[in-house]
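Below: the structure, in structure tokens.
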Amino acid sequence: MRERTDLDEAVATVLRIERDLADAIDLIELGEAEGDQEIVTEGEETIRALAANAARRQVETLLSGEADQNDTFLEVHSGAGGTESQDWALMLMRMYSRWADRRGFKVEMLEVTDGEEAGIKSATLQIKGHNAYGWLKTESGVHRLVRISPFDSNARRHTSFASVWVYPVVDDRIQVDIKESDCRVDTFRASGAGGQHINKTDSAVRITHIPTGIVVSCQAERSQHKNRATAWNMLRARLYELELQKREEKASAEAASKTDIGWGHQLRSYVLQPYQLVKDLRTGVTSGTPSDILDGDIDSFLEAALAQRVYGGGGDVEDID
């Protein structure tokens with residue numbers, strides 16, 4: 006039923022664009038026949054709006070992967086650098102949360118480990134919405150921040166790194182078999198605020214998949230059983246994403262591997278001082294308003310990365326200082 010609804014909406018959108026385009030052309034012809042420039046201008050503005058809408062819809066057609074329509078898990082991990090990198094990880098987590106809010110997606114915090122002084126060491130979000138994984142799947146990688154550190158009394162410029170890992174929520178259409186003998190399940194006390202119950206019981210759950218080394222954890226619920234069920238779902242999703250990655254590497258004949266959270270591995274650089282610029286090192290797309298990007302306005306980067314994955318292009322792009 007969901008697939009049928011998506012197809013109905015896609016067909017209706019194409020028919021609506023065709024109808025509105027024909028109406029706009031008729032309007033322009035009428036204005037030219039009557040010598041009314043206002044009517045002609047109105048028709049031209051309608052066509053420009055239709056062109057922009059068609060471009061957005063064209064990007065959505067790129068989301069045709071096996072799991073693109075699914076909800077997604079998104080993990081953020083701080084790199085080396087202590088408080089500075091942990092604060093950068095928190096900024097990234099907020100950026101993706103605000104992007105999801107702009108699209109009307111629901112964001113659920115599954116796990117967060119706070120930094121010693123500020124920021125976070127790691128966090129796991131579940132983002133629920135149509136095509137959530139498809140939109141965010143190109144965001145996995147290292148993100149670099151350059152700014153004058155608010156934690157440095159000498160106001161020196163610092164470079165910080167944090168990594169993002171995106172993988173789809175596995176639904177009933179996808180079967181992933183996991184041997185329990187291959188997994189180690191640990192329970193521990195949840196961190197952070199939560200009242201007496203959450204601080205006195207081992208409600209948080211961590212599952213380690215020994216063959217792959219994948220580790221997932223959940224402490225969102227007060228119930229250990231609910232956290233355990235969510236953690237198993239996260240593990241299935243991680244293993245499924247690993248399989249998708251293997252297929253993609255085989256199809257493209259590229260051997261990709263998970264890289265260090267540090268210099269030379271970043272997919273995007275965000276410079277706040279001495280000038281303001283965000284640059285994607287895969288597509289070359291830039292933005293001179295980092296404040297808007299960090300507030301969740303990242304659609305231009307997502308669209309360019311999706312188009313590059315489908316149509317190719319891009320290559321080595323010079324980083325910024």
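With the working numbering, you'll find the sequence shown wraps up at 326, consecutive numbering, no jumps.
For each residue, glycine too, the CB sits at the ideal point set by N, CA and C.
Model, not experiment: these values are computed from the prediction.
With C-beta atoms as the reference, is residue i less than 8 Å away from residue j?
| i | j | result |
| --- | --- | --- |
| residue 316 | residue 246 | no |
| residue 280 | residue 148 | no |
| residue 72 | residue 82 | no |
| residue 120 | residue 111 | no |
| residue 59 | residue 33 | no |
| residue 242 | residue 190 | no |
| residue 284 | residue 325 | yes |
| residue 248 | residue 154 | no |
| residue 299 | residue 64 | no |
| residue 97 | residue 151 | no |
| residue 272 | residue 286 | yes |
| residue 186 | residue 208 | no |
| residue 84 | residue 167 | yes |
| residue 113 | residue 130 | yes |
| residue 236 | residue 212 | yes |
| residue 29 | residue 55 | yes |
| residue 334 | residue 291 | Absent from the model: residue 334. The displayed extent of the chain is 6 to 326, so no value can be given. |
Under the DSSP definition of a beta bridge, which residues are partnered with residue i?
| i | result |
| --- | --- |
| residue 322 | Answer is none; residue 322 lacks a bridge partner. |
| residue 146 | 169 |
| residue 273 | 148 and 285 |
| residue 194 | DSSP lists no partner for residue 194. |
| residue 212 | 190 and 221 |
| residue 164 | 151 |
| residue 292 | 283 |
Where does residue i land, buried or exposed, given buried means 16+ other C-beta within 10 angstroms?
| i | result |
| --- | --- |
| residue 20 | exposed |
| residue 66 | exposed |
| residue 46 | exposed |
| residue 116 | buried |
| residue 124 | buried |
| residue 122 | exposed |
| residue 159 | exposed |
| residue 263 | In this predicted model, residue 263 has a pLDDT of only 43, less than 50, meaning its place in the structure is not dependable; the value taken from the coordinates is given anyway. Counting Cβ neighbours within 10 Å, residue 263 comes out exposed, since fewer than 16 surround it. |
| residue 222 | buried |
| residue 346 | Look at the range of the chain in this structure, 6 to 326, and you will see that residue 346 is not part of it. |
| residue 12 | exposed |
| residue 40 | exposed |
Would you please state the rounded distance, in angstroms, between the beta carbons of residue i and residue j? I believe it to be under 8 Å.
| i | j | result |
| --- | --- | --- |
| residue 138 | residue 238 | Not confirmed; about 14 Å, so no contact. |
Let me check you understand the geometry: is the CB of residue i closer than 7 Å to at least one non-hydrogen atom of the ligand FAD?
| i | result |
| --- | --- |
| residue 42 | Looking at this structure, you won't find the ligand FAD or any other ligand, since it has none at all. |
Complete beta strand (DSSP E) runs within the segment 74-100 (minimum length 3 residues, chain order) | 77-83
Can you check the segment 98-132 for any beta strand (DSSP E) of at least 3 residues that lies completely inside it and give the ranges in chain order?
-> 111-119
In chain order, which alpha helix (DSSP H) runs of at least 4 residues are fully inside the segment 18-73?
-> 42-65
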